[in-house]
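Numbering (UniProt numbering), first residue to last: 1 to 77. Written below as structure tokens is the structure these notes are about.
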């Protein structure tokens, strides 16, 4: 399969054929990492683990409890 590099604003872009994207579950908005190895560009889907996400939680970025108002209908537990 072949594609071409095109100019997108101040950057360059490459269209990824649908068949390749579907094989690895790549969709619009999927975060990716780039790596250069042996004169090749490697694109990897960015993976998150619960441990990695939780390691970024600090007392400074934990949100406080918020009030959404009084219960309405059958919201009482």
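Note that beta-carbon positions come from the ideal geometry of N, C-alpha and C, so glycine has one too.
- Taking a contact as a CB-CB distance under 8 Å, the pair residue 45 and residue 32 counts as one, their CB atoms being some 6 Å apart.
- Beta-bridge partners of residue 40 (DSSP): 37.
- Residue 19 is not bridged by DSSP to any residue.
- Looking at the DSSP output, residue 14 sits in a beta bridge with 5.
- Taking C-beta atoms under 8 Å as the contact rule, residue 41 and residue 34 qualify, at a distance of about 6 Å.
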